[in-house]
Every structure is written in structure tokens, then in C-alpha cells.
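Participant: Residue numbers (the working numbering), protein chains in the order written: chain L, 15 to 232; chain H, 15 to 232.
Next up is a structure, given as C-alpha cells.
Protein chains: 2
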Amino acid sequence: MFSQSEENYIKTIYHLAAISDKGISTNAIAKKLETKASSVTDMIKKLSDKKVLVYKKYQGVTLTDFGKRTAANIIRKHRLWEVFLVQKLNFTWDEVHEVAEQLEHIKSPKLIDELDAFLGYPKSDPHGDPIPDKDGNLPQIQKSLLSTLEKSEKGVCVGVNDTSSEFLRFLDKQEIGLGKNIEVLDKEPFDDSFLVKINGKEMTISNKVANNIYIQKS
Amino acid sequence: MFSQSEENYIKTIYHLAAISDKGISTNAIAKKLETKASSVTDMIKKLSDKKVLVYKKYQGVTLTDFGKRTAANIIRKHRLWEVFLVQKLNFTWDEVHEVAEQLEHIKSPKLIDELDAFLGYPKSDPHGDPIPDKDGNLPQIQKSLLSTLEKSEKGVCVGVNDTSSEFLRFLDKQEIGLGKNIEVLDKEPFDDSFLVKINGKEMTISNKVANNIYIQKS
DNA sequence: AATAATTTTTAGGCAAGACTAAAAATTATT
DNA sequence: AATAATTTTTAGTCTTGCCTAAAAATTATT
């Protein structure tokens, strides 16, 4: 059994590994967890002893299969709770994260299985991120950052990269959300912004925003 | 804001105060929390500094109004989660306690208000214990221990004193539960056991069991 | 290749919350 | 009232998880 702190490290390393492919550096973990590199070194040693990850001094860490399964399980809980909060308790997609950060540490296999059933076995959370199954398998859907689309390409919004309240509330204000149809009408080379049509409405979107919206091309 | 450990002390002192009326002793707290008296002394000092309780050396503790409100709020969360687990996630009344012990520490006012609404503002938990309102008021229903009833008195089972899985599963086996009609047919002076009729069925109940069942007399 | 800059680790400490053992205060008993 | 028994507190330790400062290793730059 892992402490909340250990679980947070495991989850963070899993997320970092998903984008980096090589060993995860002490500094990267420290930055993500808003802690110090020396604290990370301490924890890494402990998690290495517990067979969660492989660690060689000065060379970053890699999760073991056991570590990956553990991480997927925490993420599964996090995302199921997010679905619960939005679907049953009237939370908005920008409010769920911090509560789910707490709920993900509740220990009870029955609880999470029953919650999954109660919610109708959802496949993804309110931000479009896939929910791992009980064995830790994470179904990956085909998606592209809006910023990588070419002129006249189109598709459906299926996820976001940045899940901060600020960004999500911005999207709400622009009426951009999961399931919306998006078409790139033009790209502006000067500032790499996009002219897009979202559910029939034309608007300009900055490169920074386009870099945080996932599209399933059609 | 209080740590989980602080919350557990506050809740425990509140429960002990409900049955004792005078100051709660260090030893009583230690026993209930399965810890050592010296640890209790440490924590008591901290909670006294935080204005949760009043403490004078060697004289036990009393919760302040602030402490009582804090305790009621924790208990409110605990009991609402228990209702959720039974009503929505197919938990039985003997399974809910330990999960609710974890869930009661989740910090989010919106979460608990929405949960309350989602459950239809329940008045009591699966064991018949009343749920405090948002201001910490705890409605007390009129109830008597089955063991205090006289021959030919009757009523409805509205609660249990012992909420251990062992006792609750025993009640399930005997088909005794909240809402059942109970009538005392006879009392046996030899071992203080009871001959009762429960929903039409006659059975003998030991004094120990009768001491843990609450009846609303009719 | 040597030096500079950066990253990572080590060493030593701190706070929370628990513990043991011993001292002090209170309560019970003779 | 004096002694015994019990309760409570103090003093000192331990673990977890964090910190700072300094040392060591790695990587980048000249």
C-alpha cells in the first residue's frame, strides 16, 4: 500500500513518461510536483526499494510494469471521480481537478468498481482523457493538436492538453468544448494563429490555444 | 484547516462527550483512537492552541462551540457518504464505515452540499444515526435501547449502538434491521434475555444484543 | 581539454504524529 | 493521613516527507 505522497510521485512520473520516452529526470519531477530536487531523490530511493521504478544515480527513473499498473490505477480513480462530479454533482470541467486529486487516494477496490458501474462504464473523463480499465490498460484514441492541422482540415474536439481552470473557463467563454466541430479556414503565418469555424461560428484562435486543443480529424 | 489526524481526534472527542457530560479524559480518547495517552496529550495541546477545545492539565477536555461545529461537520460528511455508498453503490450497512472514514476527510464544501442534494437531503445514515445539517445542528429523535423496554412494549427499530460489521451481519442473519416492528413478549430474569416478535417472527435475543438496538416506542 | 554551468546527490535539520520510559499529579485504599 | 494504584504529563526517539546548503557528477562552452 502506498501513501498519498508516494501515489502522487508515481502518477507524476507516469504522466511525464507518457511524453518523454526516456528516463524521467529528478528535476522534471520536482518541477511538476512543485518540490525540491533533493526531496525527489529521497522519494525515488524509496520507490525503487518498493520495486515501483528503476533508478540509477544521475540517470533518471523508469517505472516498472508494477509501477505503471499502479499509476494507471490511480489515474483510473481520478478520472472516474471527475466523471462522477460532473455527471452527478453538477461540477463544471474546470472545478473537478482539485477534488479528484483528493478522491483518487481513497482505498477501496469495491468503491471504484461500483462507481464505474454506477457511471455506466465511461470511456473518458470530462476533459476527454481516456479512463484506464481495471488492469491498467489505457485505450488511446487517435487525436491531433489543433495546432498541427493544415488549412481546410477539420474534425471534432476530443480533448484538451492544458486542464487549468483558466484555460477551461476561457474555452467555455468561447463556446469551445468536447464534441464541437472545428474546421481550419486559414493559418496566419505572422503569429501562427488560426482562423477556424467552430460549430458554424468563425473565430481567430492564438497558437497557444491551438496548442492545447485535441482534434479527431474527419 | 485541520489535518486528518486532528479531525479524527475532534470527532472522537465529540462522540465521547455525547455520552459522558463531563470532561473527556486523556485515557478515554487514547482507548477509542487505539493510541497512547502520551500521544493524546500532545494532540490535545495543539487543539487547545487552535481553540477547538478547552484543556487544563489533568482535567480532561471539553470542545468549544467551534470544536463542536467542526465535529458535526465531519460527522455530517461521514454519514452522507455512508448513505451514498448504500443507496447508490450497493454497499451493505456493515461495509460502509471504513470507506466513510476516509471520505469524511475530503475537503470541498461544494462537494458535500451537492452530495446532500443528490441524495435527496437524507435525515439519517444507514445505521439510523441522524445527519447534522450545514450549521452543525443534529436532530435527535426519541429512541430507547431495546434492553430498557418492558414486557408488552413495542415499537420500530430505528438504530443500532454497535456498528461493527460483526454485529450488523448478525442482525442481517436474524433479519433484524431498521424499520422492523419489534414487540417484547417476555423478559427472562435469569440471563436478562428477551423474547421478542420481530415482523411477526418470535425469537430470543440476548441482553448484549438488546443493549445495541434502538427502538422508537409506539 | 579545461573550465563553466547545470543537475543531482549527500548531509544535516525540521515539523507532524506517533512511540517508550520515567516522572508527576491525582485518586483510591488502608 | 499515609501509602498504593492509577492517570496524566514530560522527556527523549523514531519515521515520513519536506527543506537548505554544500559536494559530486554530468553536460555545455570556450
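In this text, a Cβ means the ideal position worked out from N, Cα and C, and glycines have one as well.
Just so we're clear, the structure is a prediction, and the values are computed from it rather than from any experiment.
According to DSSP, simplified to helix, strand and coil, what is L/Q73?
Facilitator: Residue mapping note: residue 73 of chain L aligns to position 59 of the first sequence, counting from 1. Correct three-state label for L/Q73: coil.
Participant: Give the DSSP-derived three-state secondary structure of L/L152 in the structure shown.
Facilitator: On the first sequence, residue 152 of chain L is found 138 positions in, with the first residue counted as 1. It is coil, neither helix nor strand.
Participant: Tell me, please, whether the CB atom of H/K99 is closer than 9 Å to any CB atom in chain L?
Facilitator: Position 85 of the second sequence, counted from the first residue, corresponds to residue 99 of chain H. Sequence inspection shows Leu at residue 99 of chain H; the Lys mentioned does not correspond to that position. Closer than 9 Å: yes.
Participant: Looking at L/L160: is its Cβ nearer than 9 Å to the Cβ of L/N225?
Facilitator: Residue 160 of chain L sits at position 146 when you count from the first residue of the first sequence. Residue 225 of chain L sits at position 211 when you count from the first residue of the first sequence. Yes, the pair counts as a contact, with Cβ atoms nearer than the cut-off.
Participant: Run through the DSSP bridge pairs and tell me what H/D200 is partnered with.
Facilitator: Here residue 200 of chain H refers to the residue found at position 186 when the second sequence is read from its first residue. Answer is H/L209, bridged to H/D200.
Participant: Does any residue of chain L bring its CB to less than 9 Å from the CB of H/E128?
Facilitator: Numbered from its first residue, the second sequence carries residue 128 of chain H at position 114. By this cut-off, H/E128 is an interface position.
Participant: Extract the residue ranges of the beta strand (DSSP E) inside the segment 23-86 of chain L, only unbroken runs of 3 or more that lie entirely within it.
Facilitator: 67-69 and 75-77
Participant: At a CB distance below 8 Å, what residues from the segment 182-202 of chain L approach chain H? Give them in sequence order.
Facilitator: none
Participant: Residues in the same chain with beta-carbon distance under 6 Å from H/I126, minus the five sequence neighbours each way, listed in chain order, please.
Facilitator: Translated into the one-based positions of the second sequence, residue 126 of chain H becomes position 112. Closer than 6 Å at Cβ, skipping near neighbours: K91.
Participant: Please classify H/P153: is it buried, with 16 or more other beta-carbons within 10 angstroms of its beta-carbon, or exposed?
Facilitator: Here residue 153 of chain H corresponds to residue number 139 of the second sequence, with the count starting at 1. Looking at its Cβ environment, which holds fewer than 16 other Cβ atoms inside 10 Å, H/P153 is exposed.
Participant: With burial defined as no fewer than 16 other Cβ atoms inside 10 Å of the residue's Cβ, what is the status of H/P123: buried or exposed?
Facilitator: Within the second sequence, residue 123 of chain H is the residue found at index 109, counting from 1. Under this definition H/P123 is an exposed residue.
Participant: Quick one: what's got a C-beta closer than 8 Å to H/S34's C-beta in the same chain, skipping five residues either side?
Facilitator: On the second sequence, residue 34 of chain H is found 20 positions in, with the first residue counted as 1. Excluding positions up to five away in sequence, the list reads A42.
Participant: To be precise: take each residue of the segment 109-123 of chain L, compare its Cβ to all Cβ atoms of chain H, and keep it if any distance is under 9 Å. Which residues remain?
Facilitator: E109, E112, V113, Q116, L117, H119, I120, K121 and S122
Participant: Between the alpha carbons of H/K25 and H/R83, how many angstroms are there, rounded?
Facilitator: Indexing the second sequence from 1 puts residue 25 of chain H at position 11. Indexing the second sequence from 1 puts residue 83 of chain H at position 69. In a straight line, the C-alpha of H/K25 is about 10 Å away from that of H/R83.
Participant: Less than 9 Å between CB atoms is the rule here; does H/K25 satisfy it with respect to chain L?
Facilitator: As a first step, residue 25 of chain H must be located in the second sequence, where it is residue number 11. Chain L, which has no Cβ nearer than 9 Å to the Cβ of H/K25, makes this no.
Participant: Give me the subset of the segment 132-150 of chain L whose CB atoms are less than 9 Å from a CB atom of chain H, sorted by chain position.
Facilitator: Near chain H, meaning a CB-to-CB distance below 9 Å, the residues of the segment 132-150 of chain L are F132.
Participant: Should H/G226 be flagged as near chain L, meaning a C-beta pair shorter than 9 Å?
Facilitator: In the second sequence, residue 226 of chain H corresponds to position 212, counting from 1. Going by the sequence as given, residue 226 of chain H is Asn instead of Gly. So no, H/N226 is outside the interface.
Participant: Is the Cβ-Cβ distance between H/L199 and H/K222 less than 9 Å?
Facilitator: Here residue 199 of chain H refers to the residue found at position 185 when the second sequence is read from its first residue. Here residue 222 of chain H refers to the residue found at position 208 when the second sequence is read from its first residue. No, the Cβ-Cβ distance between H/L199 and H/K222 is not below 9 Å.
Participant: Using the Cα positions of H/K65 and H/D79, report the straight-line distance between them to the nearest angstrom.
Facilitator: One-based indexing of the second sequence puts residue 65 of chain H at position 51. One-based indexing of the second sequence puts residue 79 of chain H at position 65. Whole-angstrom Cα-Cα distance: 9 Å.
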